Amino acid sequence: MRKLAICLAKGGVGKTTTATNLACGLASHGKKVLLVDCDTQGQAGFFLGIKPKEGLAEVLQKTRTFAEVVCEIRPKLDLLAGGRTLSDATLAIASRTMGIERALSEALRPAEGHYDLVILDMAPGWDLLSVNALIYAREIIAPVELQMAAVESLGQFVERVEDVQAYNPELTIRYVLPTMWDKRSKESQDILERLALVYPEQLCDPIKASVKLFEATGQGQSIFEYAPKSTGAADYAKLIARVLR
Ligand code: ADP
Ligand code: MG
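All the letters of the sequence shown, read from the start, carry residue numbers 190 to 434 under the working numbering.
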């Protein structure tokens with residue numbers, strides 16, 4: 190069972206868009222997928238047109254079991270929802286006396302062996318829940334918006350991941366995914382070239398800036414449902430093929 194975390198400390202870089210489209214795409218390729226929303230904004234469900242009342246927070250606090258709150262949102266795709274209650278759950282974890290960095294791994298134990306892939310959509314920032322997610326995960330997909338500031342935050346993120354690797358040696362940044370690519374922008378092009386030098390093995394084909402991707406999230410549909418012939422669908426299909434390789 191692969192465990193992928195979609196993360197970068199910065200917000201608005203396309204993490205949730207990537208998590209939801211990747212999850213839907215992999216599920217339609219016949220993989221059994223669990224999407225876990227680790228963000229208090231609870232956008233992963235929203236982007237796929239569903240707003241469950243309960244989810245990860247309740248499992249973390251042990252007021253509900255995994256089986257009670259996990260919901261099938263597409264064929265072969267289950268969601269463990271995020272949302273505001275995750276901040277209380279994170280506080281509750283912090284007050285435990287033991288294993289505060291393994292609470293998420295414990296909460297997700299019932300998923301073990303039942304899925305081909307678990308995809309964690311992470312919040313921006315760096316808190317106890319992010320650390321928990323990186324203790325659980327094995328692979329990271331880091332979406333980077335093609336602006337200089339984003340490249341700098343990728344550098345800082347890499348250092349933080351190195352701190353976690355002392356506790357989870359299997360964790361690797363497997364994919365660096367440029368997002369919101371504008372072919373006409375010289376800055377975007379320069380950044381792509383720099384990323385290719387620093388992360389030659391991790392760098393994926395970029396996801397272009399696309400109104401259709403923006404619209405799809407607002408409509409509660411994956412890009413494959415909303416606009417299967419769009420460039421956004423083609424770009425995410427490439428990422429899915431790479432993850433499946
Ligand atoms: P994050 O989870 O990193 O905060 P989101 O995935 O929520 O980022 O994306 C932020 C906003 O940008 C959303 O409204 C989304 O629809 C939009 N968006 C994401 N990727 C693209 C893209 N490639 N082109 C255009 N808009 C995008
Ligand atoms: Mg998000």
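For every residue, glycine included, the Cβ atom is placed at its ideal position computed from N, Cα and C.
Since the model is a prediction, treat every value here as computed from it, not as a measurement.
- request: Report whether the distance from the Cβ of Pro417 to the nearest heavy atom of the ligand ADP is below 7 Å.
  value: Checking the Cβ of Pro417 against the ligand ADP gives no.
Bridge partner(s) assigned by DSSP for Val320: Under DSSP, no beta-bridge partner is assigned to Val320.
message: Mapping the DSSP letters down to three states, classify Thr361 as helix, strand or coil.
response: Looking at Thr361 - three-state DSSP - the assignment turns out to be strand.
field: First and last residue of the uninterrupted beta strand (DSSP E) at Lys401
entry: Unbroken run through Lys401 is the alpha helix (DSSP H), Val400 to Gln408; no beta strand (DSSP E).
- request: Go ahead and label Ala256 buried or exposed: buried means 16 or more other beta carbons lie within 10 angstroms of its beta carbon, across all protein chains shown.
  value: Exposed is the call here.
message: What does the alpha-carbon distance come out to for the pair Ala444 and Leu224?
response: In the structure displayed, the chain extends from 190 to 434; residue 444 sits before or after that span and is not available.
- request: Closer than 8 Å by C-beta to Gln408: which residues in its own chain qualify, once you throw out the five before and the five after it? Chain order, please.
  value: Only Gly238 and Tyr415 meet the Cβ criterion.
task: Output the boundary residues of the beta strand (DSSP E) element that contains Asp226.
output: From DSSP, the beta strand (DSSP E) with Asp226 extends over Val222 to Asp226.
message: According to DSSP, simplified to helix, strand and coil, what is Arg285?
response: Of the three classes helix, strand and coil, the one that applies to Arg285 here is coil, per DSSP.
- prompt: So what's Ile429 in DSSP terms, helix, strand or just coil?
  reply: It is helical.
message: Please tell me whether, using a cut-off of 7 Å, the distance from the CB of Thr205 to the nearest non-hydrogen atom of the ligand MG is below it.
response: Correct: Thr205 has its Cβ closer than 7 Å to the ligand MG.
- prompt: Among all the DSSP beta bridges, which residues are the ones paired with Trp370?
  reply: Paired residue(s): Lys397.
- request: Evaluate contact between the segment 313 to 328 and the segment 283 to 295, counting only Cβ atoms and requiring at least three cross-stretch pairs below 8 Å.
  value: Taking 8 Å as the limit for Cβ pairs, the verdict is that the segment 283 to 295 does touch the segment 313 to 328.
message: Quick check: is any heavy atom of the ligand MG less than 7 Å from the C-beta of Asp277?
response: False, no ligand heavy atom lies under 7 Å from that Cβ.
- request: Count the other C-beta atoms from every protein chain shown that fall within 10 angstroms of the C-beta of Leu360, then say buried if there are 16 or more, exposed otherwise.
  value: Burial state of Leu360 is buried, judged by a 10 Å Cβ sphere holding 16 or more other Cβ atoms.
task: Indicate the three-state DSSP secondary structure (helix, strand or coil) for Lys240 in the structure shown.
output: Correct three-state label for Lys240: coil.
query: Is it buried or exposed for Leu433, if we count other Cβ within 10 angstroms and need 16 for buried?
result: Taking all protein chains shown into account, Leu433 has fewer than 16 neighbouring C-beta atoms within 10 Å of its C-beta and is therefore exposed.
message: Determine whether the beta carbon atoms of Ile396 and Tyr364 lie at a separation below 8 Å.
response: Between Ile396 and Tyr364, the C-beta gap is not smaller than 8 Å, which leaves the two residues out of contact.
query: Residues in its own chain within less than 6 Å of Thr274 by CB, not counting five upstream and five downstream?
result: The beta carbon of Thr274 is closer than 6 Å to those of Ala246 in its chain, skipping five residues each way along the sequence.
task: Would you tell me roughly how many angstroms separate the C-alpha atoms of Glu351 and Pro358, rounded to the nearest one?
output: One C-alpha to the other measures close to 9 Å.
query: Where DSSP assigns a beta bridge to Asp267, which residues make up the other side?
result: Per DSSP, Leu223 and Glu261.
query: Cβ-heavy atom distance between Asp316 and the ligand MG below 7 Å?
result: The answer is no for Asp316.
query: Under the rule that 16 or more other beta-carbon atoms within 10 Å means buried, what is Tyr356, buried or exposed?
result: Under this definition Tyr356 is an exposed residue.
message: Quick check on the burial criterion: 16 or more other C-beta atoms within 10 angstroms. Buried or exposed for Val259?
response: Classification for Val259: buried.
field: Lys372 versus Gly214: straight-line alpha-carbon distance, rounded
entry: For Lys372 and Gly214, the gap between their C-alpha atoms comes out near 25 Å.
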